[in-house]
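Those letters in the sequence shown? Residues 1 to 486, by the UniProt record's numbering.
Even glycine gets a Cβ: it sits at the ideal position worked out from N, Cα and C.
Fair warning: this is a prediction, and the values are worked out from it, not measured in the lab.
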Amino acid sequence: MQLKPKPQHYLQWLGATLAAVLTTVGLAVTSARATTAGMVFLVVVVVTATQAGLVISLYSALLCAVSFDYFFLPPIHTFILAGPQEWVSMMTFAVGSLVAGRVAERARKQKQQAEQRREDVERLYLLSQEMILHEDADGLIRDLPALVAKIFHLESVVLYMQDRDQFVSTIAELSELFKANLRETTGGAHVALANQDGYEAHALMVGMRAVGAIAWRPPNLSKEVATAVSAQVGIALTRATAIEANARMEASREGERLRAALIDSLTHELRTPLTSIRAAATTLTQAEGLDDESRMELATIVDEESARLDALIGEAVEMAQLDANVLKVQPEPRHTRTLLDHAVEESHTALGRHQVTLMVQEPDRLAWFDAKLLSRVFRHLIENAALYSPPESRIVLRSRRVSGRLEFEVEDSGPGIDKVDIPHIFKKFYRGKKGAKLGKGTGMGLAIARAIMLAHGGDITVETNPESGCTFRFWVPLVEKQIDEK
1 MQLKPKPQHY
11 LQWLGATLAA
21 VLTTVGLAVT
31 SARATTAGMV
41 FLVVVVVTAT
51 QAGLVISLYS
61 ALLCAVSFDY
71 FFLPPIHTFI
81 LAGPQEWVSM
91 MTFAVGSLVA
101 GRVAERARKQ
111 KQQAEQRRED
121 VERLYLLSQE
131 MILHEDADGL
141 IRDLPALVAK
151 IFHLESVVLY
161 MQDRDQFVST
171 IAELSELFKA
181 NLRETTGGAH
191 VALANQDGYE
201 AHALMVGMRA
211 VGAIAWRPPN
221 LSKEVATAVS
231 AQVGIALTRA
241 TAIEANARME
251 ASREGERLRA
261 ALIDSLTHEL
271 RTPLTSIRAA
281 ATTLTQAEGL
291 DDESRMELAT
301 IVDEESARLD
311 ALIGEAVEMA
321 QLDANVLKVQ
331 PEPRHTRTLL
341 DHAVEESHTA
351 LGRHQVTLMV
361 QEPDRLAWFD
371 AKLLSRVFRH
381 LIENAALYSP
391 PESRIVLRSR
401 RVSGRLEFEV
411 EDSGPGIDKV
421 DIPHIFKKFY
431 RGKKGAKLGK
441 GTGMGLAIAR
451 AIMLAHGGDI
461 TVETNPESGC
471 TFRFWVPLVE
481 KQIDEK
């Protein structure tokens, strides 16, 4: 395929011609001497060489030499040189033009090379920064071909990952022959050319091991830049793969830690009600000497501890469902007062003799939310409030609309939460110092509440005061629709 000359190339030839013509006219009008004319023509040749290159500077030197001979060397207006002095002047001008043109051309090329090296360094730096932003191997592999093509202005880029036998390309179709050639490239660090497709391919080497290959078209990158690109890509892919593997290992270790914590917590919490149930049941089986009041008391112990055991198992199952992402939000139009009334009724056993106050902002228009999920959040928060607050103390439930949110609060009169515990209070199995000291709770309730709120598109926070207790505030996006309340 023949390349068409660029318009800029024509302009350079035209500029050299005009420069020689205008210089000749200017010197002729000013009646310049031969010595002056020769120096001026030499300057024109040097300037042309620095701007347009050696070939055009030679063309300019030829035009200037013809003009110099015809208009300024005797005899004037002829191409005949009168004597030795004129021959010396012409030869001096010709040699000076050639030497000056070569020097100027060399300086121009050195400048271009310096600029090219600077651009290459900037592009390599940009490539490294963009690759560092990817910490997952899949994302880096997916985006890398387009990234290299964009930064280095390439027509197409193909990436081959050896361990996955995976090809990722900026074009849709790759020939089987090209794929085979790219696979062979991973056998060493040498350049492989898939001539039938016009690609240049390099192995991605990390140390002495090849992790894949990369190819691009057209093959217009310098050897140094191509080597640097393949080295950076290989290192970045290895780094992302290592980070991903480390994250999987860390997640596995965290999962093991959480499972161990769950087993320890459940073992401890389940053992207490089981011990009470077993003791009461054993006493009941040995019924001799027990009056009706004692039997009723033991039966009550079995009933209460069974309920506690059921609640513990329910929390464990609930946490497992949240971890498995099987929770589905099903919003329905509800009044917030109905939600609060239901939450109090559902938690009446845990509330005991606590005084419960409901504060609902009016008008209490219908809003869309999952009442079942929010009831579970209220249940956990109300049970915690009743558990840690003094008997017969006040517990306040609030609802209001604030800045596009449907906001709820549960306020208790307990001992509050230590500031060091607040950043961790919603983590699974975390129990604050005061809760652990009292031996209450499993460390799952608040984690469950937050997971439910996040699934609902909201969140939960806590404010604490040692003198007035805690206020848990949670919210969901406010969605109101006109509904026939017939």
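- Excluding sequence positions up to five before and after D459, its CB lies within less than 8 Å of the CB of R450, M453, F474, W475, all in the same chain and listed in chain order.
- Cβ-Cβ distances below 8 Å link A280 to L298, A299, I301, V302, E305 in the same chain, with the five nearest sequence neighbours on each side left out; the list follows chain order.
- Here the alpha carbon of Q116 sits roughly 11 Å from the alpha carbon of L221.
- In the three-state scheme derived from DSSP, where H, G and I count as helix and E and B as strand, V211 is classed as strand.
- Look at the stretch 26–111 and you find these whole runs of alpha helix (DSSP H), each 4 residues long or longer: 34–52, 54–72.
- V45 is classed as buried because its beta carbon has at least 16 other beta carbons within 10 Å across all chains shown.
- Under a 10 Å Cβ-count criterion, H348 is classified as exposed, with fewer than 16 other Cβ atoms of the shown protein chains found around its own Cβ.
- Residue pairing by DSSP places W475 opposite E407, D459 in a beta bridge.
- Shortest Cα-Cα distance from L351 to any of P390, P273, R239 involves P390.
- Cα atoms of E105 and K111: separation of roughly 10 Å, rounded to the nearest angstrom.
- Take the alpha-carbon of T336 and the one of A367: they are about 8 Å apart.
- Beta-bridge analysis with DSSP links F167 to Y160.
- With a cutoff of 8 Å on beta-carbon distance, V317 and L373 are scored as not near each other.
- In terms of CA proximity to D120, E224 leads the group I395, E383, E224.
- From the listed residues T227, Y70, H134, T36, the smallest Cα separation to H202 is found for T227.
- Bridge partners of P333 according to DSSP: W368.
- Nearest to L274 by C-alpha distance, out of L312, G198, E250, V344, is L312.
- For R183, no beta strand (DSSP E) segment is defined; the enclosing uninterrupted segment is the alpha helix (DSSP H) at 176–185.
- The three-state reading of DSSP puts R376 in helix, counting H, G and I together.
- Taking C-beta separations shorter than 7 Å and ignoring five residues to either side along the sequence, the partners of T48 in its chain run A16, A19, I56, S57, S60, following chain order.
- For S399, the secondary structure class from DSSP, reduced to helix, strand or coil, is strand.
- Bounds of the beta strand (DSSP E) holding V206 are 199–206.
- S252 and Q166 have their C-alpha atoms roughly 27 Å apart.
- According to the DSSP assignment, L351 belongs to the alpha helix (DSSP H) that extends over 348–351.
- Taking a C-beta distance under 8 Å as the contact criterion, V479 and F472 do not qualify as a contact pair.
- Taking the Cα of M205 as reference, the smallest distance to any Cα among K419, V25, S230 is reached at S230.
- In the DSSP secondary-structure assignment, L358 is bridged to L397.
- Runs of the alpha helix (DSSP H) lying entirely within the stretch 112–162, each at least 4 residues long, are 137–152 in chain order.
- With respect to the 8 Å criterion, G416 and A385 are not classified as neighbours on the basis of their beta carbons.
- Here G469 is bridged, per DSSP, to N465.
- Of the other Cβ atoms in all chains shown, fewer than 16 fall within 10 Å of the Cβ of H77; this residue is therefore exposed.
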